[in-house]
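Novice:
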Amino acid sequence: MNARKQKVVDYAFSYLDLEGSGSLRVQNLVQLFDISKNPEGVKKSRDQLLGEFLECFSEGDRADGKITKNEWNTYYVDVAISIPSDDVFVKFVESTWQIADNQHDTAFTDKVKSLLGMTRQRLLMLSNNTEEEFKLRSIFKQFDLNHSGGISILELAAMLAKLGIVVDQKYIEAMHAQIDTNRNGLIDFEEFANLVIYNPYK
Ligand SMILES: [Ca+2]
Ligand SMILES: [Ca+2]
Numbered sequence: 029m030n031a032r033k034q035k036v037v038d039y040a041f042s043y044l045d046l047e048g049s050g051s052l053r054v055q056n057l058v059q060l061f062d063i064s065k066n067p068e069g070v071k072k073s074r075d076q077l078l079g080e081f082l083e084c085f086s087e088g089d090r091a092d093g094k095i096t097k098n099e100w101n102t103y104y105v106d107v108a109i110s111i112p113s114d115d116v117f118v119k120f121v122e123s124t125w126q127i128a129d130n131q132h133d134t135a136f137t138d139k140v141k142s143l144l145g146m147t148r149q150r151l152l153m154l155s156n157n158t159e160e161e162f163k164l165r166s167i168f169k170q171f172d173l174n175h176s177g178g179i180s181i182l183e184l185a186a187m188l189a190k191l192g193i194v195v196d197q198k199y200i201e202a203m204h205a206q207i208d209t210n211r212n213g214l215i216d217f218e219e220f221a222n223l224v225i226y227n228p229y230k
């Protein structure tokens, strides 16, 4: 694999290893595995792709339900052979794991981090610098416009506008993905409180 391919493969691993444990769980990845946005040039079906993916982690030492960084690399070395184009390969890895475009670009991630920091500051201002749960809950409710119990990407966009933070949609999506740690598509109260209280995105 050349440097460009390696970079996205490394990034995908760290992106998926939420707890920084150094290995990924096959079971979790199967649920995420997405081919709906595969770039042109990748013609295989989900069953085929997932089959090859699972096959790679089903032999000997590799059959323990976990994927180490090395095993991850081994898999993608094979994939890279069947997808010679760097552009197609990068898009393929991004779309499989729903990594937003450019997210592994350092300038982009730095900007997302600083936006998260800014959002946190404004939320703290709004709560008069208290981190008390009832106060945070009432702020959270204001931004959960449809009372679904979670903040969607659209609701996050409205929240940021209200906080005076105006940015492109791609940043909003990336911020949402960062805050939504359990990846269910909504920022629930715990995830919201994490952002405000712990500032985990320094
Ligand atoms: Ca909602
Ligand atoms: Ca969530």
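Whatever position you read off the sequence shown (first residue = 1), add 28 for this note's numbering. We put the beta carbon where it would ideally sit given N, CA and C, even for glycine. Everything numeric in this text was worked out from a predicted model, so none of it was measured.
1) Go through its chain and collect everything with a Cβ distance to G93's Cβ below 7 angstroms, but skip five positions before and after it.
2) Anything with a beta carbon under 6 angstroms from a heavy atom of ligand 3 counts; list them all in chain order.
3) Using DSSP with H/G/I as helix, E/B as strand and the rest coil, what is L173?
4) In chain order, what residues of the same chain have a beta carbon less than 8 angstroms from the beta carbon of N212, not counting five sequence neighbours either side?
5) Measure the Cβ-Cβ separation of L82 and T147 and say whether it is below 9 angstroms.
6) When every heavy atom of ligand 1 is checked, does at least one fall within less than 8 angstroms of the C-beta of I179?
7) For S176 versus I167, is the C-beta spacing smaller than 9 angstroms?
8) How many Å lie between K163 and Q170 at the Cα?
9) Write down the C-beta distance between V107 and L78 rounded to the nearest angstrom, noting that I regard them as a contact closer than 8 angstroms.
10) Quick check on this structure: which residue in S180, I225, G69 and F61 has the alpha carbon closest to the alpha carbon of T158?
11) Hey, quick one: how far does the beta strand (DSSP E) through L151 stretch, first residue to last?
12) Does any heavy atom of ligand 1 sit closer than 8 angstroms to the C-beta of H175?
13) Between F220 and I207, is the Cβ-Cβ spacing less than 9 angstroms?
14) Which residue wins for smallest C-alpha separation from S42, given the options Q149, V121, E68 and D216?
Specialist: Answer, in terms of the structure:
1) As a working note, residue 93 is residue 65 in the sequence shown. Only R53, V54 and Q55 meet the Cβ criterion.
2) Absence of ligand 3 is noted for the structure shown, with ligand 1 and ligand 2 being the only ligands found.
3) Residue 173 sits at position 145 when you count from the first residue of the sequence shown. Note: L173 maps to coil in three-state DSSP.
4) Along the sequence shown, one-based indexing puts residue 212 at 184. Spatial neighbours of N212 in its own chain (CB-CB distance under 8 angstroms, excluding positions within 5 residues in sequence) are listed in chain order as G178.
5) For this step, residue 82 is matched to residue 54 along the sequence shown. For this step, residue 147 is matched to residue 119 along the sequence shown. No, they are not a contact pair.
6) Position 151 of the sequence shown, counting from 1, holds the residue named residue 179. Yes, the beta carbon of I179 sits closer than 8 angstroms to at least one heavy atom of ligand 1.
7) Here the question's residue 176 lines up with position 148 in the sequence shown. Here the question's residue 167 lines up with position 139 in the sequence shown. No.
8) On the sequence shown, position 135 is the one that residue 163 refers to. On the sequence shown, position 142 is the one that residue 170 refers to. C-alpha of K163 to C-alpha of Q170: approximately 11 angstroms in a straight line.
9) By 1-based counting over the sequence shown, the position of residue 107 is 79. By 1-based counting over the sequence shown, the position of residue 78 is 50. Wrong, their Cβ atoms sit about 13 angstroms apart, outside the cutoff.
10) In the sequence shown, residue 158 corresponds to position 130, counting from 1. When S180, I225, G69 and F61 are compared, the shortest CA-CA separation from T158 is found for I225.
11) Here residue 151 is taken as the residue at index 123 of the sequence shown, counted from 1. In this chain, L151 is not harboured by any beta strand (DSSP E); it is covered by the alpha helix (DSSP H) spanning T134 to L154.
12) By one-based count along the sequence shown, residue 175 stands at place 147. Yes, ligand 1 has a heavy atom inside 8 angstroms of this Cβ.
13) Counted from its first residue, the sequence shown places residue 220 at position 192. Counted from its first residue, the sequence shown places residue 207 at position 179. Yes, the pair counts as a contact, with Cβ atoms nearer than the cut-off.
14) Locating residue 42 in the sequence shown gives position 14, counting from the first residue. Among Q149, V121, E68 and D216, the Cα nearest to that of S42 is on V121.
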